[in-house]
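Working notes, structure below.
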Amino acid sequence: MLSRETEMLFSRLDCYDVLKTLGKGATSKVKLLQEPTSRILYAAKIFKYSQDDIGLRDQVYTEIECLNRISHKRVIKYFNYCEGGVYRKKNQTSYRCLYILMEYCINGEFYDLINDYGSLDTYLCRFYFRQLIEALEACHRVGVYHGDIKLENLLLDSEFNLKLIDFGSSNYKNLKDLFSIRGTENYMPPEIRQNSRYDPEKVDVFEAGVLLFIMFVGVPPFNFADISDNFYRCLIGEETSKIFWRYHQKKRENKIFTTEFTNLIERMLAFNPGDRPSITDIKEDVWFNAEVPNKEEIVRMIAYLKTNNSES
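So the mapping is simple: the working numbering equals the position in the sequence shown, first residue as 1, plus 859.
This is the structure we're talking about:
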């Protein structure tokens, strides 16, 4: 047994105290760290070290390269990368790891906001969709295409603003294979499911359209974007799209599916990538440019959601 003198209060990652686990993925864990002297908090994405796992190392290098290229308030801030980190547990066992040091977003995952409260009203939904488009525009401007837009890859900072994270599936235009399957299945556009060559901007647009639908309605628009999926086939049909929207209106009588909203969704989720709007087109859209709440209203609206949820 360890003596009291040798027991550690915290696990440690190099010079940082490890306070808790923030999240887990297939290949990594995200931990909350604190630098003991300054007491500054960081989030660290930690990968167990393996010289033989070339695919994992490529994924990590992709993420670092993307974060290095992008400097924008809607994208997670990157501070450092270490390839030879040592993670020491409280029982003093240790292992080598790679880790990416990033800013800590105190209000957690955007997923939790939707999961806890079901869906957002029109104004809150539009506010967050605008912030997502800001993030994608910043990425595309420097040749980075995210490739895995979903609820779980968005965080909320101290003022409840969005931060886009997780660039492990990202693409550099003209620098990577544009045939490889990447992303999350129920967000994937048809061309990726068909293993066809794709335009990475239009992939991000499609995934953002799925996310917009989930934010407003509270459920995905379909199981997967394929003609064999009844909901997707109905959505993209010229005559059957009305049936799709009537179905959701009947299920959610408190929602108003305006023509402006349904038109934007249908364009973003079009089967043919060429029929989807660009980021510039989206920024000029009527629904996109309608009223949004200010910062004080956002905080008040989220506080209201939390209060109502705790009382229900």
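Think of the CB as a built atom: it goes at the ideal place given N, C-alpha and C, for glycine as much as any other residue.
| Asked | Found |
| --- | --- |
| V1001 (DSSP reduced to helix, strand or coil) | coil |
| Contact set for V1001: own chain, Cβ-Cβ below 7 Å, skip 5 residues either direction | R928, I929 |
| Option nearest N1045 by Cα separation, candidates D1140, G943, E1011 | E1011 |
| Reduced DSSP category for V945 - H, G, I as helix; E, B as strand; rest coil | strand |
| Contained beta strand (DSSP E) runs [length at least 3] in the stretch 917–945, N- to C-terminal order | none |
| Among K1165, N1167, K1154, T1166, nearest to Y982 - alpha-carbon criterion | K1154 |
| Residue interval of the alpha helix (DSSP H) (run including A1067) | 1059–1076 |
| Exposure of F938, with buried meaning 16 or more beta-carbon neighbours within 10 Å | exposed |
| Per-residue burial, T921 [other beta carbons within 10 Å of its own, 16 or more giving buried] | buried |
| The stretch 885–898 in contact with the stretch 970–979 per 3-pair CB rule at 8 Å | no |
| Distance, K907 Cα to V1158 Cα | 38 Å |
| Local conformation of S870 per DSSP, three classes | strand |
| At least three beta-carbon pairs within less than 8 Å, the stretch 1078–1091 to the stretch 1020–1027 | no |
| Beta-carbon proximity of R1174 to K1061, cut-off 8 Å | Shown here, the chain extends from 860 to 1171; a query on residue 1174 therefore has no answer. |
| With 16 other Cβ atoms within 10 Å as the buried cut-off, status of Q990 | buried |
| Y954, buried or exposed, once every other Cβ within 10 Å from all chains shown has been counted against 16 | exposed |
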